[in-house]
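Accompanying notes for the structure given below.
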Amino acid sequence: MKLLNYAALAAVLLGGVCPPVHSAVTWTEGVNYFLIEPARPTSMPPGKVEVTEVFSYACPACNLFVPTMHKLQASLPPNAVLDYLPASFNPSEDWPMFQLAYFTAQTLGVSDQSHDAMFNAVWQGGDLAVIDPTTRGIKSRLPRIEDAAKFYNAKAGVPVDKFLATAKSFAVDNKVRAAEDSIQRYRVDRTPTIIVNGKYRVYVESAGGNDQVVELVKWLVAKESK
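For the sequence shown, this note's numbering assigns the number 226 to the last residue and increments by one with no breaks.
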C-alpha cells in the first residue's frame, strides 16, 4: 500500500500549508472527501453516526494529529460516536505490534484511558519509541508486545501476564482480522484517515488542513444525520 509523504503532511499538520477555511457549502466529493463503494455497514444503533480514525501509534503524522482529534471529539454532535482503527501496513516501523497492543487494551477496557499516553511513550522518548534518538533512524530492536504489556501495567494496572494472554486470545485475533478487512475495504492507504459512517473517506490534505478536517467531518456527520 502507498504510504504518505510524512514531511509533506507534517507541513500541513503544523500549519505550513493551510489554505483559507472553507465557506459553508464548498465540500466536493472526489476532491475533499471520497465515497467508499460499497459503503460498509456500521454497528451503530439508529440515529448514531460513526467517525473512525485509522491510525498507528508508530505513525509520526498521527502523533501530530492528536490535538486535532481532541478538537474533533469536542466539536462532534451527541449522535456522533468517535472510535479508532489501528492499521498494520507498515511492518518496518512496528505497526502490527501496535495494532495488536491496541486491540488487546481495548478488549481489556483500557484503550481509551491510555490512548494519549501511548503516543507519548512512542514519540517522547519512552520505552516504546521506534526511532533511535542518536541516529534518527528506525531502531534495530523494535518494541515487542511484552514491552507494550509493561506499558499498560504501568499506566492502567493491567497485569503483564493477563495482557499477554489476552493478546493471544481468539477475541483479539478476530479484532485484528476484522480491522485488516475493514482497512482494505475502506481503501485506506495512509494515516491518519478519517472514515465517516462507513461511507466517506477524508484525508488531512484533501480537506485542506487540520481545521478543515474538523469542519468537513462535522459536515459529513450532519449529512448522515438527515
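Just so you know, even glycine gets a beta-carbon here, dropped at the ideal spot from N, CA and C.
C-alpha gap between residue i and residue j, whole angstroms
{"i": "residue 165", "j": "residue 26", "result": "50 Å"}
{"i": "residue 238", "j": "residue 169", "result": "The first residue shown for the chain is 1 and the last is 226, placing residue 238 beyond what the model contains."}
{"i": "residue 199", "j": "residue 134", "result": "43 Å"}
{"i": "residue 77", "j": "residue 223", "result": "12 Å"}
{"i": "residue 196", "j": "residue 218", "result": "10 Å"}
{"i": "residue 143", "j": "residue 97", "result": "8 Å"}
{"i": "residue 66", "j": "residue 225", "result": "25 Å"}
{"i": "residue 137", "j": "residue 131", "result": "6 Å"}
{"i": "residue 45", "j": "residue 140", "result": "45 Å"}
{"i": "residue 37", "j": "residue 190", "result": "18 Å"}
{"i": "residue 205", "j": "residue 156", "result": "35 Å"}
{"i": "residue 181", "j": "residue 60", "result": "24 Å"}
{"i": "residue 3", "j": "residue 29", "result": "Confidence at residue 3 is low in this model, with a pLDDT of 47, below 50, so its placement is unreliable and the value that follows should be read with caution. Between residue 3 and residue 29, the C-alpha separation is close to 22 Å."}
{"i": "residue 82", "j": "residue 192", "result": "14 Å"}
{"i": "residue 154", "j": "residue 75", "result": "31 Å"}
{"i": "residue 125", "j": "residue 194", "result": "27 Å"}
CB of residue i within 7 Å of CB of residue j, strictly
{"i": "residue 80", "j": "residue 54", "result": "no"}
{"i": "residue 49", "j": "residue 221", "result": "yes"}
{"i": "residue 92", "j": "residue 99", "result": "no"}
{"i": "residue 94", "j": "residue 58", "result": "yes"}
{"i": "residue 107", "j": "residue 178", "result": "no"}
{"i": "residue 202", "j": "residue 84", "result": "no"}
{"i": "residue 40", "j": "residue 185", "result": "yes"}
{"i": "residue 167", "j": "residue 145", "result": "yes"}
{"i": "residue 160", "j": "residue 149", "result": "yes"}
{"i": "residue 42", "j": "residue 210", "result": "no"}
Close-in-space but distant-in-sequence residues of the same chain around residue i (CB under 7 Å, 5 per side omitted)
{"i": "residue 152", "result": "105, 110, 114, 158 and 163"}
{"i": "residue 119", "result": "57, 63 and 66"}
{"i": "residue 121", "result": "127, 128 and 151"}
{"i": "residue 228", "result": "Nothing about residue 228 can be reported from this structure: the residues present for the chain run from 1 to 226 only."}
{"i": "residue 19", "result": "Its pLDDT being 43, under 50, residue 19 is placed unreliably in this model, and the value from its coordinates should be taken loosely. 208 and 209."}
Delimiting residues of the beta strand (DSSP E) encompassing residue i
{"i": "residue 84", "result": "80 to 86"}
{"i": "residue 102", "result": "From DSSP, residue 102 is part of no beta strand (DSSP E) but of the alpha helix (DSSP H) over 95 to 107."}
{"i": "residue 224", "result": "That residue, residue 224, is in no beta strand (DSSP E); its alpha helix (DSSP H) goes 210 to 225."}
{"i": "residue 253", "result": "The question about residue 253 has no answer, for the chain in this structure spans 1 to 226."}
Residue i - containing alpha helix (DSSP H), residue span
{"i": "residue 166", "result": "160 to 167"}
{"i": "residue 68", "result": "60 to 75"}
{"i": "residue 203", "result": "No alpha helix (DSSP H) holds residue 203; the beta strand (DSSP E) holding it covers 200 to 203."}
{"i": "residue 50", "result": "Here residue 50 belongs to no alpha helix (DSSP H); instead the beta strand (DSSP E) covers 49 to 55."}
{"i": "residue 146", "result": "145 to 156"}
{"i": "residue 175", "result": "170 to 186"}
{"i": "residue 118", "result": "111 to 123"}
Cβ neighbours of residue i in the same chain (closer than 8 Å, five flanking residues each side left out)
{"i": "residue 175", "result": "103, 106 and 107"}
Cut-off 6 Å between Cβ atoms - residues of its own chain near residue i, not counting five sequence neighbours on either side
{"i": "residue 123", "result": "63"}
{"i": "residue 47", "result": "79"}
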